[in-house]
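Written below as structure tokens is the structure these notes are about.
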Amino acid sequence: MSTDIVEPTRRILVVEARSEWLEGVARELARVSVTLRWATTENQSLRILKSERPSLALVAADEPRLGGLNLVRRMHLIAENLPVVLIGGRYDRHWLEEALRLKALTILPRPVSKVTVIETVIKALKVGSPVKTPGWFGGASAN
């Protein structure tokens with residue numbers, strides 16, 4: 250993994266109830282000057298977003314108590330151009346169309362590997378446009 254592709258000290262917000270993969274991802278991203286802020290509730294994520302203005306958000310879209318796509322809508326009221334990567338989700342046509350309307354960079358289906366998360370974050374921070382990943386959504390339709 251190259252260390253010269255991400256601008257210094259970028260912050261990402263991770264909205265996720267599960268923590269088992271975060272420590273390893275945070276350690277690897279620190280090597281490329283990316284810090285992770287973890288929120289386990291919708292309100293906590295909005296507070297972090299308001300106070301810290303992260304460069305990217307990773308949102309667990311399959312955790313109802315975290316708000317999913319509704320949370321992304323609320324985040325965009327605070328930071329209209331915040332790039333968002335969705336983790337998990339429903340994958341029916343209506344849900345996917347809504348994710349597109351909300352300008353999700355990609356959707357990473359569960360289970361997602363730490364390597365895929367790290368590569369997706371680095372690409373998203375570098376280009377700020379749709380990310381080609383092995384994920385269900387971004388890999389097939391990103392241009």
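Using my numbering, the first residue of the sequence shown is number 250, and each one after it goes up by one. Glycine is no exception: its CB is placed at the ideal position from the N, C-alpha and C atoms.
(request) Would you decide whether P313 is buried or exposed? Buried here means 16 or more other CB atoms lie within 10 Å of its CB. (result) exposed
(request) Quickly, what does DSSP pair W287 with across the bridge? List them, please. (result) V263
(request) Give the range of the alpha helix (DSSP H) segment to which A373 is assigned. (result) K363 to V376
(request) Can you tell me which of the three DSSP states V281 falls into? (result) V281: coil per DSSP, three-state reduction.
(request) Leaving out five residues on either side along the sequence, give the residues of the same chain with a beta carbon under 7 Å from the beta carbon of R259. (result) S282, V283, S304 and L374
(request) Measure the alpha-carbon distance for V308 versus L320 and round it to whole angstroms. (result) Within the model, the alpha-carbon separation for V308 versus L320 is close to 8 Å.
(message) Measuring only the C-alpha atoms, how far is P358 from G337?
(response) 5 Å
(request) Would you decide whether A348 is buried or exposed? Buried here means 16 or more other CB atoms lie within 10 Å of its CB. (result) buried
(request) Identify which residue in V370, A306, T289 and L315 has its Cα closest to the Cα of H325. (result) A306
(message) Quick check on this structure: which residue in V366, P360, E301 and T355 has the alpha carbon closest to the alpha carbon of I327?
(response) When only C-alpha atoms are compared, the closest one is E301.
(request) Just mark A389 as buried or exposed, buried being the case when its beta carbon has 16 or more other beta carbons within 10 Å. (result) For A389, the predicted structure reports a pLDDT of 38, less than 50, and the residue's modelled location is therefore unreliable. The matter cannot be settled from this model.
(request) Using three-state DSSP, classify A348 as helix, strand or coil. (result) helix
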